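Since the structure comes first, as structure tokens, the remarks are kept for the end.
2 protein chains.
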Amino acid sequence: MSLGEFDLIARYFTRPTQRAVLGVGDDCALLQPTPGMHLAVSSDMLVEGRHFLSTVAPQRLGHKALAVNLSDLAACGATPLAFTLALALPRPDETFLAGFARGLLALADEHHIELVGGDTTAGPLNLCITVFGEVPAGQALRRDGACAGDGLWVSHALGGGIGDARLALEVFRGRISLPGAAFERVRCAMEQPQPRVALGLALRGVASAAIDLSDGLAGDLGHVLRRSKVGATVDLDALPCSDVLAAQPEALRRECTASGGDDYELLFCAADDMAVRAAAQAAGVGVTRIGRIEAEPGLRWVDRQGRLLAFSPNGFDHFAD
Amino acid sequence: MSLGEFDLIARYFTRPTQRAVLGVGDDCALLQPTPGMHLAVSSDMLVEGRHFLSTVAPQRLGHKALAVNLSDLAACGATPLAFTLALALPRPDETFLAGFARGLLALADEHHIELVGGDTTAGPLNLCITVFGEVPAGQALRRDGACAGDGLWVSHALGGGIGDARLALEVFRGRISLPGAAFERVRCAMEQPQPRVALGLALRGVASAAIDLSDGLAGDLGHVLRRSKVGATVDLDALPCSDVLAAQPEALRRECTASGGDDYELLFCAADDMAVRAAAQAAGVGVTRIGRIEAEPGLRWVDRQGRLLAFSPNGFDHFAD
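The listed protein sequences derive, respectively, from chains S and E. Note that my numbering has the first sequence beginning at 1, numbered continuously upward. Note that my numbering has the second sequence beginning at 1001, numbered continuously upward.
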């Protein structure tokens, strides 16, 4: 079936604009920023075999492509406004496109944002989304504000944790195996992460620094520590995890939670524990205190007895592994 | 040489921010829009073998990747502000990156804009840029404003024209050959297009509709006609072309100018010829009147004697050829 670029855009991605002044179909989209707000912008590119597996359902991929971008807005404390999508596809596969658009636009609707423009081309599968949000001037959560004495926190689903996405990847890699229901749960964590937008908004004025967990806790925390010129001690056994991951051997559990990657939870620092718990409750998200920020540079891992551990997980580097 | 993602960003793409509140290195970049302005946004994705050839010098590719995006802002009449870059590379090739960054940032400097964020990943070569600009509310040039009676115009270098990029492509394809100096001129048109930002700004309040020529005049004009619900007659022999292209056989010249693609000139409509010439002079760019907008739908081609031609060039479709 022959489907040209313009038909393709029209069929799957064009909907009436709600908030944008001008949406898909002109040279540029036009947005009307709210006076006094800063515009928050982030771009993430997803490549097959690196950010998703060829086995992923198109609908889940559509969800994930937008979710990882919304997660950046969440980490900034920004309210999502709109996004653009640039898409390279080997061929205009309608089954893929219909599912992809469904997952993408369902998550967009959930966050009341719209697709305002983009590009489609033939080429090796590649998904590049740029999201726009807004945040009152001076209130954005940044990576450079952590202070000695702050608590260190991570978000997670109520009753869940971090590391499930990595555990699912290890199943796909054939390193471990899981029963069907357990596999489906961790696979869902990998393929359909939930961006913590509501929590990011609730943490404005509460968190001193924040980042979203995309490359693994150890690596992402390292960015915050370097930018904030501080250090931290983290209780490796306090890292929250799901029942499925809790049932795994200690070494695997620690690896998945501390350096797993693809979590898209918020890692943040705050001076006031009560305020953090109130924000989490307002957002309907779980949060766990996993350590503290210290003046001494570097990252120290301890176990539940407070003993220093010789544990140095490597943050996931897109060129290193 | 091992070069991780974060080193790579720091080495080639991080410079002190000038205008952005927060630039490369956090979850989001923060921009401060000017009150009363609309934000213009556009994304273009470039794929090897489709938007550029593997033979292109990295510096020229860096220029072109940003130029094609700036061209969308030009077609909208927007002042460029900033851009993000998402880059998939098979490996972190420092020679490529150094050249690419040089070409990219030189054009950015020329337009006083800065790289505020983005993403890098391993993967088949893919360049995705999103540009941001601003335009006073209600003054953006759009595709849907052409009116019967308007003149139809195309921009070009002084003494130049459109179609050179397509002619260069035909040399690369082995269909024709050109002497060295002539080839270098048309190759330069293909590899280093000049976005007509100054002209776009000068056409605010003058042009009734505008689009940038990326997929070929015939195809791009079709978008304007459909969106504006009008038709047009175009004088095929009035299409401006360089000396190199003028020396080619008539059929090839017509094909290159009328459906060439990759021109990144502005195609626009305007009621007032004098105002167009004044805008072009202010911008230091050539403009040629190539036809007129008519109430009758459809696109009619005539020769210099006004005779109707049976000429139906196809707009370039990223999935069709």
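Backbone N, C-alpha and C define an ideal beta-carbon position, used for all residues, glycine too. Keep in mind it's a predicted model, so treat the numbers as computed, not measured.
Within the same chain, and ignoring the five residues on either side of E/Gly1298 in sequence, the residues whose Cβ sits closer than 6 Å to its Cβ are Gly1231. Two segments are said to touch when three or more pairs of C-beta atoms, one from each, lie closer than 8 Å; by this definition the segment 1051-1065 of chain E does not touch the segment 1144-1155 of chain E.
Only residues of its own chain outside the window of five on either side were considered, and among them Ala75, Arg143, Asp220, His223, Val224 and Leu267 have a CB closer than 7 Å to the CB of S/Ile211, listed in chain order. S/His223 sits in a helix when the DSSP states are folded into three classes. Less than 9 Å divides the Cβ of S/Arg102 from the Cβ of S/Gly62. The residues Ser42, Asp44, Phe83, Ile129 and Val131, in chain order, have a CB closer than 7 Å to that of S/Asn69 in the same chain once the five nearest residues on each side in sequence are set aside. Under the 10 Å beta carbon count, S/His112 is surrounded by fewer than 16 other beta carbons and is classified as exposed. Short of 6 Å from the beta carbon of S/Gly160, and not among the five residues preceding or following it, lie these beta carbons of its own chain, in chain order: Ser242. For the set S/Gln305, S/Val171 and S/Asp273, the Cα lying nearest the Cα of S/Gly149 is the one of S/Asp273.
Shortest Cα-Cα distance from S/Ala238 to any of S/Leu201, S/Gln281, S/Ala189 and S/Asp303 involves S/Asp303. S/Ala280 sits close to S/Ala202, with the two beta carbons spaced by under 9 Å.
A distance below 6 Å between beta-carbons, with the five flanking residues on each side excluded, links E/Gln1059 to the following residues of its chain, in chain order: Gly1099, Arg1102 and Gly1103. In the structure shown, E/Asp1119 adopts extended strand secondary structure according to DSSP, grouped into three states. At a cut-off of 9 Å, the C-beta of S/Leu85 has a neighbouring C-beta in chain E. Linking E/Ala1122 to E/His1038 through their CA atoms gives a straight-line distance of about 35 Å. Counting only runs that start and end inside the segment 246-310 of chain S, the alpha helix (DSSP H) elements of at least 4 residues fall at 250-259 and 273-283. Contacts with chain S at 9 Å (Cβ-Cβ) include E/Thr1121. Check the Cα spacing between E/Leu1217 and each of E/Arg1226, E/Leu1167, E/Gly1163 and E/Ser1177: the tightest is with E/Gly1163.
Using beta-carbon distances, S/Ser177 does not count as an interface residue toward chain E, since no partner is under 9 Å.
Not a single CB atom of chain E sits nearer than 9 Å to the CB of S/Val197.
Secondary structure of E/Pro1136 (DSSP, three-state): strand. In terms of beta-carbon proximity, S/Asp150 stays away from the interface with chain E, with every pair separated by 9 Å or more. For E/Pro1179, no alpha helix (DSSP H) encloses it, and the DSSP letter there is neither H nor E.
Exposed is the label assigned to E/Arg1307, since fewer than 16 other Cβ atoms lie within 10 Å of its Cβ.
The beta carbon of S/Ala108 sits closer than 8 Å to those of Leu66, Phe83, Glu114 and Leu115, all from its chain and outside the five residues before and after it, given in chain order. Contact residues of the segment 64-76 of chain S toward chain E are Asp72, Leu73, Ala75 and Cys76 (C-beta to C-beta distance below 7 Å). Cβ-Cβ distances below 8 Å link E/Ala1283 to Arg1196, Ala1198, Leu1199, Leu1201 and Ala1202 in the same chain, with the five nearest sequence neighbours on each side left out; the list follows chain order. For E/Ser1043, there is no enclosing alpha helix (DSSP H); the residue is found in the beta strand (DSSP E) stretching over Met1037 to Val1047. Assigned with DSSP and collapsed to three states, E/Ser1228 falls in helix. The contact set of S/Ala29 on chain E, defined by CB atoms closer than 8 Å, consists of Ala1040, Val1041 and Ser1042 in chain order. For the segment 286-315 of chain S, no residue has a beta-carbon sitting nearer than 7 Å to a beta-carbon of chain E.
Not a single CB atom of chain S sits nearer than 9 Å to the CB of E/Asp1262. Per DSSP, S/Val171 lies in no beta strand (DSSP E); the unbroken alpha helix (DSSP H) holding it starts and ends at Asp164 to Phe172. The beta carbon of E/Ala1140 sits closer than 9 Å to some beta carbon of chain S. Straight-line spacing of the CA atoms in E/Val1285 and E/Gln1194 works out to 10 Å.
One Cα belongs to E/Glu1250, the other to E/Leu1236, and the distance between them is close to 10 Å.
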